[in-house]
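Chains X and P supply the protein sequences, listed in that same order. Using the UniProt record's numbering, the first residue of the first sequence is number 1, and each one after it goes up by one. Using the UniProt record's numbering, the first residue of the second sequence is number 1, and each one after it goes up by one. We put the CB at the ideal spot given by N, CA and C, even for glycine. Just so it is clear, the structure is predicted and the values come from calculations on it, not from any experiment. Worksheet for the structure shown next.
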Amino acid sequence: MSTIDLETARRVAKLARIAVPDDNLPQLAEELSGILSFMEQLNEVDIEGIEPMTSVTPMRLKRRQDGVTDGGQQAKILSNAPDAREGFFAVPKVVE
Amino acid sequence: MTLNSLTIAAARDAMRKGEFTAVELTEACLGAIDAADALNAFAHKTPEIALERAREADARLKAGDAPDMCGIPLGIKDLFCTEGVATQAASKILQGFKPEYESTVTSQLRASGAVMLGKLNMDEFAMGSSNETACYGDVVNPWKVDDRKLTPGGSSGGSAAAVAADLCLGATGTDTGGSIRQPAAFTGIVGMKPTYGRCSRWGVVAFASSLDQAGPMTRTVRDAAIMLGAMAGHDAKDSTSADLAVPDFEAALTGDIKGRKIGIPREYRMEGTPEAIEKLWAEGTEMLRDAGAEIVDISLPHTKYALPAYYVIAPAEASSNLARYDGVRYGHRATLNAGDGITEMYENTRAQGFGPEVQRRVMIGTYVLSAGFYDAYYNRARKVRALIKRDFDEVFAAGVDAILTPATPSPAFGLGEMADADPVEMYLNDVFTVTVNLAGLPGIAVPTGLDSKGLPLGLQLIGKPWGEADLLNTAYVLENAAGFVSKPSKWW
């Protein structure tokens, strides 16, 4: 069923926000197609009426009060940023 | 015997008796690490931190307040965030990242007095089975039988090589599809993936969140039991961590498995499995039978669909988890050209920062989650996953206590030998281990023999959810019966 053509490879790379030069698209498309055809085996399985697995043993997710539990760590949060200025993460201009 | 080749249990007992200090033990490991650069196991060495913690451990030992792991030198996989110490997941995209916080698992180890020697090499973002995708270069297996350099397996390849080469007494690993058990088998050590939720994932760089689980890599089953005890436990910061008491795993090692039912799954007899591994499996079965276990043939009918299901689910979760690497908050940011906007920044940062295997998996994940394919791939895979889990549930409900299988489909292969192979061929390394992650079960690889060339081979035992104590005891029996004592001869 599915092979990935050049256009699809280009679109997937765009969606994933990974720059792929045009020259590399054919190889990428071929590799992705290979992996997808490996996945095609899943079509042999009868999944009628099966619910996706959610946990190893029945477990209710813990709840807590919806309140602030942390904060006041601006310097720590910014300490690893490639570009931080005046207490903010700096990025190229987004809005004209 | 040098101090760095001791087991955790032996070092613990000797330090409590005052036979040597944690500082002496740590110095022995640091010396071994500096002499082993050829293995490339350690990516970031932290000798100052190690000695400081060793001194603290000695003070606790002296005061008689020494938990089991007190003064034990460990290697920490580069996937665990360590406060103030480089944490890169072996990726260029996290170049320079020094977390302001410590993962729960390493905090607990630290609180128990363990000594961190440094950060261990691994496959980039834990994606790989040969430790050839790291930005630090390949890890080399200390085992060598000819001119070739062999892979230690992956993704916890640095952890496996460091433990096998006596650079540390134990190491943390993480296992998403076999990343603890496969390298353990390739290097002749013990590696355990606990039940999903047994160890907190908080502060562990995420790959596939519904599959990732941290675990110990050690030289013996007893050491795995001791170390797991210090790593495990409920953590409010990880909503999937189980609020269950942590049993005394070491106390469970009674050596008695009389009457236990061990299942041998027929679907794990796969075409092309080397004879040595078939033989090892048959011998392991007999060892457990001789120890008084009842051996039963079982069927896990959906086994063959585990790998394709995994290679939908894991990349899907990875594509989502790795979206955070955008060059804004941490790590690498691409240099911008004139006129570049934020989209170019994202795209170039990620193209430069992620290696080819990570890029491939992020893109596969993006594809299977994209509009129109979500049901066909992702939801179908999640349902197949439920069936794989049901196979195990039914076997355990029928009275089986543990399942014995090979750990890997081959012994360690040469570095570079899979370079031209299809990505899917590399994925086949996980064929015996990946079912366990999908079902969330505990699994342990135990070294049980050597192949004809002298390379280590391991068997895997799979246990019931939360049944680590019982599983470790069965592994202990197998370990004792196999009597695996071989070590790699030092060439590095």
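Are the C-beta atoms of residue i and some chain X residue less than 8 Å apart?
i, result
"His302 of chain P", "yes"
"Asp401 of chain P", "no"
"Met217 of chain P", "no"
"Tyr311 of chain P", "yes"
"Pro423 of chain P", "yes"
"residue 496 of chain P", "Residue 496 of chain P is absent from the structure shown; chain P starts at 1 and stops at 492."
"Pro265 of chain P", "no"
"Asp340 of chain P", "yes"
"Met363 of chain P", "yes"
"residue 550 of chain P", "Outside the shown range of chain P (1 to 492) lies residue 550 of chain P, about which nothing can therefore be said."
"Ser319 of chain P", "yes"
"Ser370 of chain P", "yes"
"Thr133 of chain P", "no"
"Tyr136 of chain P", "no"
Does the beta carbon of residue i come closer than 8 Å to any beta carbon on chain P?
i, result
"Gln41 of chain X", "yes"
"Glu7 of chain X", "no"
"Val94 of chain X", "yes"
"Phe89 of chain X", "yes"
"Ser79 of chain X", "yes"
"Glu51 of chain X", "yes"
"Asp66 of chain X", "no"
"Thr57 of chain X", "yes"
"Gly34 of chain X", "yes"
"Asp83 of chain X", "yes"
For residue i, which residues from the same chain have a beta carbon less than 6 Å from its beta carbon, with the 5 sequence-adjacent residues on both sides left out?
i, result
"Trp202 of chain P", "Thr104, Asp235, Lys237 and Asp238"
"Ala44 of chain P", "In the sequence under discussion, the amino acid at residue 44 of chain P is His, which differs from the Ala named in the question. Contacts found: Ala86, Gly118 and Lys119."
"Val205 of chain P", "Leu79 and Ala89"
"Lys389 of chain P", "Ala439"
"Ala309 of chain P", "Ala381, Val384 and Arg385"
"Ala293 of chain P", "Ile257, Arg260 and Ile262"
"Ala114 of chain P", "Met69, Ile72 and Leu74"
"Pro67 of chain P", "Ser112 and Gly113"
Buried or exposed: residue i, going by 16 or more other Cβ atoms within 10 Å of its Cβ?
i, result
"Tyr427 of chain P", "buried"
"Lys258 of chain P", "exposed"
"Leu61 of chain X", "exposed"
"Glu347 of chain P", "buried"
"Ser299 of chain P", "exposed"
"Pro26 of chain X", "exposed"
"Asn131 of chain P", "buried"
"Ser452 of chain P", "exposed"
"Phe396 of chain P", "buried"
"Arg64 of chain X", "exposed"
"Met1 of chain P", "exposed"
"Ala251 of chain P", "exposed"
"Gln74 of chain X", "exposed"
"Gly84 of chain P", "exposed"
Please name the residue or residues paired with residue i in a DSSP beta bridge.
i, result
"residue 497 of chain P", "What is shown of chain P runs 1 to 492, which leaves residue 497 of chain P out entirely."
"Arg85 of chain X", "X:Phe88"
"Gln359 of chain P", "Gln359 of chain P is not bridged to any residue."
"Phe80 of chain P", "P:Val204"
"Pro73 of chain P", "P:Val115"
"Ile298 of chain P", "P:Pro265"
"Gln460 of chain P", "P:Thr405 and P:Ala445"
"His44 of chain P", "P:Lys119"
"Gly414 of chain P", "P:Leu150"
Please list, in chain order, all residues of the same chain as residue i whose beta carbon is under 7 Å from its beta carbon, the five residues on each side excluded.
i, result
"Asp297 of chain P", "Ile264 and Arg266"
"Met1 of chain X", "Only weak support exists for where Met1 of chain X lies, its pLDDT of 49 falling under 50; the coordinates are left without a value."
"Gln95 of chain P", "Gln88, Gly331 and His332"
Ignore the nearest five residues each way along the sequence and tell me which others in residue i's own chain have a CB closer than 8 Å to its CB.
i, result
"Gly414 of chain P", "Arg148, Lys149, Leu150 and Thr151"
"Val12 of chain X", "Ile4 and Leu32"
"Thr349 of chain P", "Ile93, Tyr325, Asp326, Gly327, His332, Arg333 and Ala334"
What residues in the region 11-30 of chain X bring their beta carbon closer than 9 Å to a beta carbon of chain P?
Arg11, Val12, Ala13, Lys14, Leu15, Ala16, Arg17, Ile18, Ala19, Val20, Pro21 and Leu28
Which residues, in chain order, does the region 210-239 of chain P contribute to contact with chain X at a C-beta distance below 8 Å?
Ala236 and Ser239
Positions along the region 58-72 of chain P whose CB lies within less than 7 Å of some CB in chain X
none
Below 8 Å between beta carbons is the criterion; list the residues of the region 324-356 of chain P that meet it against any residue of chain X, in chain order.
Asp326, Gly327, Val328, Arg329, Tyr330, Gly331, His332, Arg333, Leu336, Asp340, Gly341, Ile342, Thr343, Glu344, Met345, Tyr346, Glu347, Asn348, Arg350, Ala351 and Phe354
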